[in-house]
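Have a look at the structure below, then the notes.
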Amino acid sequence: MGQCTYDNQIRLSPLIVIFPPALIDETILHEMAHIKHHHHRKSFWNYLSTLLGSDAKEKKLLYDMAISKYWELYTFVMK
Ligand SMILES: [Zn+2]
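Position one of the sequence shown corresponds to residue 15 (this note's numbering), numbered consecutively onward.
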C-alpha cells in the first residue's frame, strides 16, 4: 500500500482509500519513518513507536490483522 523510495519519496496506492483512516495514518507514518531509517531493524521500530506513541511492532500485528479483512478486495481491484 505504501513505499518509500531510496530518495525519500513516499508513494501510496490510490486504493489506500478503501482502508479505515486509522490504517491509512499508520501506513503514512510507517513510510515517513523510512525517510529516517531505510530498513526494518530495531532503530526503525523504535523511531516508529515514537511517531505512533505506542509499540510499533505490536501495532503492526494488529494492522496486519485488520488489513487482512480488506486484502481480497484490494487485490481484486488492483487486477
Ligand atoms: Zn517498511
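Ideal Cβ placement from N, Cα and C applies to all residues, glycine included. Just so it is clear, the structure is predicted and the values come from calculations on it, not from any experiment.
Q. Quick check: the region 78-93 against the region 45-61, are there 3 or more CB pairs under 8 Å?
A. Segments in contact, no.
For this session: Return the first residue and the last residue of the alpha helix (DSSP H) that L76 is part of.
Result: L76: member of the alpha helix (DSSP H) spanning 70-92, first to last residue.
Please report the distance separating the alpha-carbon of Y20 from that of H48. Going from the Cα of Y20 to the Cα of H48 covers about 9 Å.
Tell me whether H44, by its Cβ, gets closer than 7 Å to a heavy atom of ligand 1.
Yes, the Cβ of H44 comes within 7 Å of a heavy atom of ligand 1.
**Item:** Cβ-based burial, H44 [other Cβ within 10 Å; buried from 16]
**Value:** With at least 16 other beta carbons inside 10 angstroms of its own, H44 counts as buried.
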